[in-house]
Every structure is written in C-alpha cells, then in structure tokens.
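Visitor: For the sequence shown, position 368 (counting from the first letter as 1) is numbered 368 according to full-length UniProt numbering, and the numbering increases by one without interruption. Below you will find the structure I want to go over with you.
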Amino acid sequence: MDVFTTDNGSVRGFRASADVVAVLGIPYAAPPFGANRFRAPLPAAAWTGVRDGTAFGPIAPQSARLPGAPVWSPGDEDVLTVNVWTPSPGGGRLPVLVWIHGGAYTFGSSAQPDFDGTALAHAGLVVVTLNHRIGFEGFGRVPGGGGTAHPDNRGLLDLVAALRWVRGNIAAFGGDPDNVTVAGHSSGAASVACLMVMDRARGLFHRAIAHSPASPCHTRDIAEATTREVAAAAGRPATPEGLASASPQALVAASDRVVDGYRRDPASGSRHYDPSLYAPVLDGDVLPTDPLTGMDAGTTRGVDLLVCHTTEEYWLLDAVGSSAKITTEGRLALFAQDFGLPDGLVAGYRAAMPHAPVLDVYLAVFGDLVFGEYGNRLAERHARAGGRAFLSRFDRRRSGPDGLVRAWHCADVPFAFGNLDDERLAFLIGGAPTPADHALARRMVRAWADFAATGDPGWPPLDGSSGPVRTWDTGDSPTDGRPPTADRALWAGVDFPVLRP
Numbered sequence: 001m002d003v004f005t006t007d008n009g010s011v012r013g014f015r016a017s018a019d020v021v022a023v024l025g026i027p028y029a030a031p032p033f034g035a036n037r038f039r040a041p042l043p044a045a046a047w048t049g050v051r052d053g054t055a056f057g058p059i060a061p062q063s064a065r066l067p068g069a070p071v072w073s074p075g076d077e078d079v080l081t082v083n084v085w086t087p088s089p090g091g092g093r094l095p096v097l098v099w100i101h102g103g104a105y106t107f108g109s110s111a112q113p114d115f116d117g118t119a120l121a122h123a124g125l126v127v128v129t130l131n132h133r134i135g136f137e138g139f140g141r142v143p144g145g146g147g148t149a150h151p152d153n154r155g156l157l158d159l160v161a162a163l164r165w166v167r168g169n170i171a172a173f174g175g176d177p178d179n180v181t182v183a184g185h186s187s188g189a190a191s192v193a194c195l196m197v198m199d200r201a202r203g204l205f206h207r208a209i210a211h212s213p214a215s216p217c218h219t220r221d222i223a224e225a226t227t228r229e230v231a232a233a234a235g236r237p238a239t240p241e242g243l244a245s246a247s248p249q250a251l252v253a254a255s256d257r258v259v260d261g262y263r264r265d266p267a268s269g270s271r272h273y274d275p276s277l278y279a280p281v282l283d284g285d286v287l288p289t290d291p292l293t294g295m296d297a298g299t300t301r302g303v304d305l306l307v308c309h310t311t312e313e314y315w316l317l318d319a320v321g322s323s324a325k326i327t328t329e330g331r332l333a334l335f336a337q338d339f340g341l342p343d344g345l346v347a348g349y350r351a352a353m354p355h356a357p358v359l360d361v362y363l364a365v366f367g368d369l370v371f372g373e374y375g376n377r378l379a380e381r382h383a384r385a386g387g388r389a390f391l392s393r394f395d396r397r398r399s400g401p402d403g404l405v406r407a408w409h410c411a412d413v414p415f416a417f418g419n420l421d422d423e424r425l426a427f428l429i430g431g432a433p434t435p436a437d438h439a440l441a442r443r444m445v446r447a448w449a450d451f452a453a454t455g456d457p458g459w460p461p462l463d464g465s466s467g468p469v470r471t472w473d474t475g476d477s478p479t480d481g482r483p484p485t486a487d488r489a490l491w492a493g494v495d496f497p498v499l500r501p
C-alpha cells in the first residue's frame, strides 16, 4: 500500500505505472476563502487517518473550460494543493521538479493532461505540480493592501508556500529538498522568474526552467486601475469591503466582462490585442523588483536557469481566438503605436517576411514582444551577471491534415513532459504523434531531467549575450511558411518589461 506521511497527516496514492506512484490533491495551505480571503496563505489543517490521494484537488476560481481538465465550481474552496509523482516510494534523494501551470494568471490548473508527471518520474525525478490562486483572487490589488492585511501577489505567496511544503515533506516521497528545480510555462514561467528575485523564495529552489516566460509585470497604478474596472463591472465599490462582498464567481464574471470590453474596442489601447488583466505587481515588498532588473543586479546568479520558447508563439493565441485579428497595414501601425514600439521595428519584420500576410507579421512581432525577446533577455542578463543560463527554442513543425502544424505557444510542453499519446493533446501537437515526435520527446525529457539533476541539460551555457542555442525539432520540420528569425537588433530600443496602461 503506497501511503506517505506528511507534516499534516498520511496520504495514500496509486500506481500511475508499474514503477511510478502518484499522490494527488495534497493540501499545502488552508483554503483561501472566508476569513482567509485576500490574505497570505495560512498552514493547512492536519487530518486524521489516511487521506485519499487518488484525485486532483479543486481548481482555482476561473471561467475557462480546458480540454481534459476539470472546471471550477462555486463552493470549491480547498484549491491550494500539490500533486506528486515518484519513482522512489521507498525513499531516496532524487532531484525534484516543481511545475507551475500557465494561463495568463487567469486560468489553468495542475490537472491538465499535459502536466502528468509519470514520464519525467521515469527519467529519475520526483515531480510536483500545484494549484495556486489566479485572477483577482491571486493577483488583483486590494486598495490599501500590502503587508499582512491584503498583500499583493497572493498567487506568488501561494507558490512560496508550496515550495516550503516541498522543503518540509518531499523527502517522504523520495525527493531531495536540497536539489529542487522550479519550472513553469507562460505566466507560470514568468512566475518562476519572479520567484528568482523574491527574498521570500530564496533558498527554496536551486534551478529554474522557464518555458515561454511572459512579459510584463504591472505597476501599482496599473493594478489599481484594473481593480476599479473590475469592481465597477461587479457593481461593487473598489474597497476591501466592497470587493470581499463580491463572491469569487462574481469577480471572475466581472473580469470576463472587462476583458470582453477591451476585445470589442480597437481604440482601447494595448489591452485590445490580447486582454490580460492580471500580472505580478511591482509592490516593492513581495515582489521587490522586476526579474530583468533583479538579474542585472546579480541577485539570481546562484540559480541555474534554462529558458525555452517556441518559434511561432502567437499563432496559438490567434487559433483559439484570444488575439485580435490584425489584417491591414493601418491596424498594424496602430498596434505598434499602442505598444510604443520604435520606428522601424515592424518594417524590419516586414522586410524579413516580404510575402507574408499582415496577420503573420503581426503575430511574429507580438510573439517576440510578449515571449521570445523577453525570454532571450532573461537568459542573457542572468548570464552577464554571473549566473549559468541555457537557451533553447522549440521549432518542431510538420504537415498535418489541416495544413501546417506550427511550433506555437504550449506545443513544447507535452514534449518536455513526455506526454504525446493523450488524445486530448492532439490539438496542441497537431494530431497523432509520429515516431520522430516520440524521439524528440525522449530527448527533451532527458535534457530537462539532467538539468534538474545536475544543472547540465546537454549543451553549453551562454557566455554573456552569446553562446549556443539548442533548437528542438524532429529533423524533418518543413520550412515553408515559417517566419524567418528577425534581426534582434530591431528590439534594441525596447525596454522590458513593457508596461502599458
């Protein structure tokens, strides 16, 4: 019987495969509702007997319905849970990988099928995935907050609490608390970068993996303006009492109405193009500085960093309808103006893509603005400040029954986790996997496992702003239709993070 003893009680898992045990839905903090709402996470309550760990815990409040993942139901409160996959249920000191899901700080959960940890556990890791507060509950700024009352960045504080749980409990699952890698994708990867510069997280992990880290953070002014908009949409005053009187469901619905307003209004500025209301807040306390500034100062040099981004990030956002359709040169010029992009940047992309439609030029620029260039700079600044940084990009593409299968946002995650055969992931990877796809997944799993174990993914680190960049593809990826790599000098005049009201 696979029973494990944690600080709060015993929990029973199940055999995910012949040699991997999974234990799901373990509380790492108390439910963040009722008297605990908008507060820093508190310790989870102890339990008696053996807790069942065969099902994921409830997900955080959200309106998203993702393929293969559970939906949030009002009344689900025990949302701060971790899941563990271990190949060493009898004990040991294996390297640990802690995964943070993405979702624009607004949706997603650890129960998504691409985050199953079985294959990475087969590769010799103890894998931990987790849920944390998102949306207004996790990242909305409560007026007059800060300190212990209603701190900013409650979602980041949840991550710290989960890492503290790992430090105190992972040895019971065969993991080494002194060899922890924190990893994530998109907003989860940006959260990883934030953790690297947070005093509260120092010493809780030793390496970091960031898949398509998303820019930016928000200033207090931007966060406060968002709070006023969401409170108005919910019909409540923008006060601590007014916000607390709105249910989590009401704030999710209000946030969705604000997002919809931006989507419908081309004159609404930068948020029109892909409205993301929430992000970590530069509050000077929980998050003392933005990650790039912290890396420049050398505060992160003791943590090894691996960054990966895809070559066609924003094509996914276009495919799922979350990004505005920009199809005219006039709208493309307005996009550049709304984001304050320097003269010549869009023209440089157009010169590199002379026959591409306007939409493709827009998607290429937007993908580099939000993901590609930001991720490159994280790795390079970390290296220049004396840290070890490794850079890679995912460029696996193939011809599918519906046309070209692109190397778009999220496509690399099932490969890094070794999860290609689940039919619920067919949309992300463009249909059933081929033998070449499986071979690529094996290479990526091995590199990620080796990095977590030793800090060496299999290629040399950056030397300042130069060095080898590992490209992940199947060796037979089609070249037709892929935008060429734009000259990075075009971005020299753009400061990150790009903060636009």
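By construction, the Cβ of each residue, glycine as well, lies at the ideal position given by its N, Cα and C atoms.
1) I'd like the list of long-range same chain contacts for S10, defined as Cβ closer than 8 Å, with 5 residues on each side in sequence excluded.
2) If you count every other CB in all the chains shown that lies within 10 Å of the CB of A297, and 16 or more means buried, which is it?
3) Would you give the residue range spanned by the beta strand (DSSP E) that I170 belongs to?
4) Buried or exposed: F366, going by 16 or more other Cβ atoms within 10 Å of its Cβ?
5) With a cut-off of 8 Å on the beta carbons, I'd call Y278 and T474 a contact; round off their distance for me.
6) Could you spell out where the alpha helix (DSSP H) holding N376 opens and where it closes?
7) Measuring alpha carbon to alpha carbon, tell me which of A123, S63, A35 and G102 ends up nearest A447.
8) In the DSSP assignment, what residue or residues form a beta bridge with V79?
9) Give every residue of the same chain whose Cβ lies closer than 6 Å to the Cβ of R93, excluding the five residues on either side of it in the sequence, and list them in chain order.
10) For the alpha helix (DSSP H) containing G348, list its first residue and its last residue.
11) At which residues does the beta strand (DSSP E) containing G184 begin and terminate?
12) Can you tell me whether P237 is helix, strand or coil according to DSSP?
13) Compute the Euclidean distance between the alpha carbons of L341 and L369, then round it to the nearest angstrom.
14) Answer yes or no: do L425 and D114 have a C-beta to C-beta separation smaller than 7 Å?
15) Indicate whether the contact test is met: 3 or more Cβ pairs, each with one atom in the region 200 to 208 and one in the region 223 to 238, closer than 8 Å.
16) I'd like the span of the alpha helix (DSSP H) that includes S399, first residue to last.
17) Are H185 and V413 close, meaning C-beta to C-beta below 7 Å?
18) To the nearest whole angstrom, what separates the beta carbons of F136 and L306, a pair I think is in contact under 8 Å?
19) Can you give the Cα-Cα distance for G294 and A29, rounded to whole angstroms?
20) Relative to the ligand PLP, is the shortest distance from any of its heavy atoms to the C-beta of L490 smaller than 6 Å?
21) What is the DSSP secondary structure of F115, reduced to helix, strand or coil?
22) With DSSP run on the structure shown, which of helix, strand or coil describes P32?
23) Look at the alpha carbon of A171 and the alpha carbon of V96, and state the distance between them as a whole number of angstroms.
24) Hey, how far is the Cα of V258 from the Cα of R264?
25) In chain order, what residues of the same chain have a beta carbon less than 7 Å from the beta carbon of V71, not counting five sequence neighbours either side?
26) Excluding sequence positions up to five away, which residues of its chain have a Cβ less than 8 Å from the Cβ of R226?
27) Which stretch, first to last residue, makes up the beta strand (DSSP E) that contains R470?
28) Give the single residue among A416, D76 and I26 whose Cα lies nearest to the Cα of C308.
29) By how many angstroms is the C-alpha of V197 removed from the C-alpha of V286?
30) Going straight from the alpha carbon of L428 to that of D422, what length do you get?
31) Check for me: the alpha helix (DSSP H) holding P435 runs from which residue to which?
32) Starting from P291, trace the alpha helix (DSSP H) in both directions and tell me its first and last residue.
33) Suppose contacts are defined by Cβ-Cβ distances below 7 Å. Is L462 in contact with L391 by that definition?
34) Please decide whether A55 counts as near chain B, where near means a Cβ-Cβ distance under 7 Å.
35) Express the C-alpha separation of L345 and F496 in angstroms, rounding to a whole number.
36) Rounded to whole angstroms, what is the Cα-Cα separation between R301 and E380?
Guide: With the structure as the only source:
1) V3, F4, G49, V50 and R51
2) exposed
3) Segment: none, I170 is in no beta strand (DSSP E) and carries neither H nor E.
4) buried
5) Wrong, their Cβ atoms sit about 36 Å apart, outside the cutoff.
6) E373 to R384
7) A123
8) DSSP output for V79 lists no bridge partner at all.
9) D176
10) L345 to A352
11) G175 to H185
12) coil
13) 9 Å
14) yes
15) no
16) Element bounds for S399: not the alpha helix (DSSP H) but the beta strand (DSSP E), R398 to G400.
17) yes
18) Going by Cβ atoms, the distance from F136 to L306 rounds to 32 Å, so no, they are not a contact pair.
19) 28 Å
20) With respect to the ligand PLP, the structure offers nothing, as it holds no ligand at all.
21) helix
22) coil
23) 10 Å
24) 10 Å
25) R65
26) Correcting the residue type first, residue 226 is Thr in the shown sequence and not Arg. G140, R141, H218, V258, L277 and Y278, listed in sequence order.
27) V469 to W472
28) A416
29) 10 Å
30) 11 Å
31) P435 to T454
32) P291 to D296
33) yes
34) Annotation note: the requested chain B is absent from the structure, which comprises a single protein chain.
35) 15 Å
36) 12 Å
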